[in-house]
Amino acid sequence: MSQLSEREILDRLRALDTSELSDALDRHGVAGQCHGLFPVDRAMHFAGQAFTVRYGPAGSPPGDVGDFIDDLGPGTVVVLDNQGRTDATVWGDLLTSVASVRGVAGTVIDGVCRDSSVCVDLGYPVFSRGRWMRTGKDRVQVEAYQAPVSIGGVRVVPSDYLIGDADGVVVVPAGEVTTVLASAEEIRDAEQQIRKLVGAGARLREAREQTGYHRLQSRAEG
Amino acid sequence: MSQLSEREILDRLRALDTSELSDALDRHGVAGQCHGLFPVDRAMHFAGQAFTVRYGPAGSPPGDVGDFIDDLGPGTVVVLDNQGRTDATVWGDLLTSVASVRGVAGTVIDGVCRDSSVCVDLGYPVFSRGRWMRTGKDRVQVEAYQAPVSIGGVRVVPSDYLIGDADGVVVVPAGEVTTVLASAEEIRDAEQQIRKLVGAGARLREAREQTGYHRLQSRAEG
Amino acid sequence: MSQLSEREILDRLRALDTSELSDALDRHGVAGQCHGLFPVDRAMHFAGQAFTVRYGPAGSPPGDVGDFIDDLGPGTVVVLDNQGRTDATVWGDLLTSVASVRGVAGTVIDGVCRDSSVCVDLGYPVFSRGRWMRTGKDRVQVEAYQAPVSIGGVRVVPSDYLIGDADGVVVVPAGEVTTVLASAEEIRDAEQQIRKLVGAGARLREAREQTGYHRLQSRAEG
Numbered sequence: 328m329s330q331l332s333e334r335e336i337l338d339r340l341r342a343l344d345t346s347e348l349s350d351a352l353d354r355h356g357v358a359g360q361c362h363g364l365f366p367v368d369r370a371m372h373f374a375g376q377a378f379t380v381r382y383g384p385a386g387s388p389p390g391d392v393g394d395f396i397d398d399l400g401p402g403t404v405v406v407l408d409n410q411g412r413t414d415a416t417v418w419g420d421l422l423t424s425v426a427s428v429r430g431v432a433g434t435v436i437d438g439v440c441r442d443s444s445v446c447v448d449l450g451y452p453v454f455s456r457g458r459w460m461r462t463g464k465d466r467v468q469v470e471a472y473q474a475p476v477s478i479g480g481v482r483v484v485p486s487d488y489l490i491g492d493a494d495g496v497v498v499v500p501a502g503e504v505t506t507v508l509a510s511a512e513e514i515r516d517a518e519q520q521i522r523k524l525v526g527a528g529a530r531l532r533e534a535r536e537q538t539g540y541h542r543l544q545s546r547a548e549g
Numbered sequence: 328m329s330q331l332s333e334r335e336i337l338d339r340l341r342a343l344d345t346s347e348l349s350d351a352l353d354r355h356g357v358a359g360q361c362h363g364l365f366p367v368d369r370a371m372h373f374a375g376q377a378f379t380v381r382y383g384p385a386g387s388p389p390g391d392v393g394d395f396i397d398d399l400g401p402g403t404v405v406v407l408d409n410q411g412r413t414d415a416t417v418w419g420d421l422l423t424s425v426a427s428v429r430g431v432a433g434t435v436i437d438g439v440c441r442d443s444s445v446c447v448d449l450g451y452p453v454f455s456r457g458r459w460m461r462t463g464k465d466r467v468q469v470e471a472y473q474a475p476v477s478i479g480g481v482r483v484v485p486s487d488y489l490i491g492d493a494d495g496v497v498v499v500p501a502g503e504v505t506t507v508l509a510s511a512e513e514i515r516d517a518e519q520q521i522r523k524l525v526g527a528g529a530r531l532r533e534a535r536e537q538t539g540y541h542r543l544q545s546r547a548e549g
Numbered sequence: 328m329s330q331l332s333e334r335e336i337l338d339r340l341r342a343l344d345t346s347e348l349s350d351a352l353d354r355h356g357v358a359g360q361c362h363g364l365f366p367v368d369r370a371m372h373f374a375g376q377a378f379t380v381r382y383g384p385a386g387s388p389p390g391d392v393g394d395f396i397d398d399l400g401p402g403t404v405v406v407l408d409n410q411g412r413t414d415a416t417v418w419g420d421l422l423t424s425v426a427s428v429r430g431v432a433g434t435v436i437d438g439v440c441r442d443s444s445v446c447v448d449l450g451y452p453v454f455s456r457g458r459w460m461r462t463g464k465d466r467v468q469v470e471a472y473q474a475p476v477s478i479g480g481v482r483v484v485p486s487d488y489l490i491g492d493a494d495g496v497v498v499v500p501a502g503e504v505t506t507v508l509a510s511a512e513e514i515r516d517a518e519q520q521i522r523k524l525v526g527a528g529a530r531l532r533e534a535r536e537q538t539g540y541h542r543l544q545s546r547a548e549g
């Protein structure tokens, strides 16, 4: 199999939804489904490669909350691990505005964001545990850039692929992306075939059997 | 009182909202308010009779996740008891598509659904504890069809009536539906009368007293 | 500084968002950010002075659930402390209708509301922990009017200022409102200046430094 370009990978990922990718992850035994993270608005979706930031409680004196956005661009998703905290935000309107102008793919936070209406107005995808207005400034601080982080129970390392839509966020490890893409596309094609059969009058049970659908979701044999 | 047809019952239930039905359930001492279940989209609403499915953790080898939709139709609501699990879905886009074409009234899940944007696009009512993209396949399996189930803390048996709107889901036991309907309609009429009095300048307190509103919500004397 | 009129205060509060006010509260060491309370619809916002009601579990026989709305009007926000309960509502469609007609600024509930679609249809702002359809009647009762209450972890006394938008609710104590307003407006102006600099090509880091933005959010020195 020839090497895919990053651009080609992102284009193919964007043509899939998180359900199809999740089934493909299951098939290959990869636990990449982030629990509890949803878009600020249901219509938001993205695909990108991770730039990771890990936060921890602020020390004394408190460290800074991150000045990293000026160097990011298209194809990158900002991945912020704030340990699931819902009491201190690490993303707000200034970051949203700059990220949106720079064409950043989106932001995924294991924590909360603020100025949520600006994300909606600009159509900039933010996925989080929710929203609040209280800043993380003097409450949390950056502990590491581009280190492994934990997002909704899933390990993310820099350059992993993240994809988000109304049903949440999935992580595809960079080393598995070619395999997972192929399986997800096979699943999508089978589902389209099932829809065609059902549209022509078949029972769902028969259409699923005929296309071997259930087998596609199950763990591939070793 | 002459026997009502199922169609007549559903028509009258659809003309009520869950608040009115909840007050009527209170009046008759019936605990039918499901806690924690909401529509995927606020505009969704339905009334139907329960077809129940009970799920449990998958065994080894795992059992199937259910092929029942081909035999259901209008007037039926699919009621899926997945024990409140938020980590494994039991409803997705293929089921939504077939249910929508077959005119099924809606789906109520004590658990989560996936492909939520398809429900919204098709206007098919799904009520659940939320959404995620990870399949229940190989994680849960059907334990029983048409057995008693637990939905948001409420017992549901096959053919019970379920009604859902923006405020959640209520269950009216089939044996109580005539009585509950009559009380709910009495409450609705009193509220319309209150709105008329208030619109004509009455104070809310007086309008409530004049119509005996508070009495209508209280437990009827034995 | 000359005394501001209540009307002038409310006009200036309405021109700010909860993030700006939250940063100003932080600056003055005031813990006024209510946790876990959000609008029924993202577009809702309000500013008003608190009329407080404290609820407790219903006794035997149960007390009443409150008849207070007839005497409230513009500039007032109804603040209902139902101890965070999600199993019994203290606000519904009749109260929404009357409050809307009377021009009440909004309702904030540490608990849940019902008839949520009426709030949305009338554009009447309700902020709560969520929604359900089961009445508080015979489950809770009013314990006190115009007493100190606890809302999302924040103490509210009558006539305190509450402001709500998509990111939640903040409380500004009446005695601190002039100081907090001035700081919040200073923060807003700095953010507008940052947006201008970034729009003209500056890096976000430089724009923040140039305007002294981070200093504005930090606790003022004693």
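Chains as they are written, first to last, in my numbering: chain X, 328 to 549; chain E, 328 to 549; chain H, 328 to 549. For glycine and all other residues, C-beta sits at the position ideal for the given N, C-alpha and C.
Cβ-Cβ separation, residue j to residue i (assumed contact under 8 angstroms), whole Å
i: X/D368; j: X/V467; result: Actually they do not touch by this definition, with Cβ atoms about 25 angstroms apart.
i: X/S346; j: E/G419; result: 6 angstroms
i: E/T434; j: E/A426; result: 7 angstroms
i: H/G411; j: H/D437; result: 5 angstroms
i: E/V381; j: E/V476; result: It is worth fixing the name first, because residue 381 of chain E is Arg in this sequence and not Val. So it is a contact: roughly 5 angstroms between Cβ atoms.
Buried versus exposed call for residue i [16 or more other C-beta atoms within 10 Å across all chains shown]
i: H/S510; result: buried
i: H/D344; result: buried
i: E/K523; result: exposed
i: E/A517; result: buried
i: H/D398; result: exposed
i: E/E503; result: buried
i: X/V428; result: exposed
i: E/M535; result: Reading off the sequence, residue 535 of chain E comes out as Arg, not Met. So E/R535 ends up on the buried side.
i: X/Q550; result: Outside the modelled stretch of chain X, which goes from 328 to 549, sits residue 550 of chain X, for which no answer is possible.
i: X/G375; result: buried
i: H/A377; result: buried
i: E/I396; result: buried
i: H/G479; result: buried
Whether residue i touches residue j by CB criterion (8 angstroms)
i: E/L331; j: E/I490; result: no
i: E/D574; j: H/D391; result: The structure shown has nothing for residue 574 of chain E, since chain E only spans 328 to 549.
i: H/M371; j: H/P452; result: yes
i: H/Q473; j: H/T379; result: yes
i: H/I521; j: H/L543; result: no
i: E/V404; j: E/A432; result: yes
i: H/L531; j: X/L421; result: yes
i: H/D487; j: H/V498; result: yes
i: H/G430; j: H/G400; result: yes
i: H/V287; j: H/V525; result: Only positions 328 to 549 of chain H appear in the structure, and residue 287 of chain H is not among them; the question remains open.
i: H/P389; j: H/D465; result: yes
i: X/G402; j: X/E333; result: yes
i: X/S424; j: X/V439; result: no
Note to self: I'd like the ranges of any beta strand (DSSP E) spanning at least 3 consecutive residues and lying wholly in the segment 372-408 of chain H.
What the structure shows: 373-384
Note to self: Between the segment 337-346 of chain E and the segment 533-549 of chain X, can you find at least three pairs of beta-carbon atoms closer than 8 angstroms?
What the structure shows: no
Check: Counting Cβ pairs closer than 8 angstroms, one from the segment 351-369 of chain X and one from the segment 453-462 of chain X, do we hit at least three?
Finding: yes
Next item on the list: Tell me the start and end of each unbroken beta strand (DSSP E) in the segment 407-458 of chain E that is at least 3 residues and wholly inside, in chain order.
Entry: 433-438, 453-455
Notebook entry, point to check: Could you give the uninterrupted runs of the beta strand (DSSP E) lying entirely in the segment 479-527 of chain E, keeping only those of 3 residues or more?
Noted result: 481-483, 488-492, 495-499
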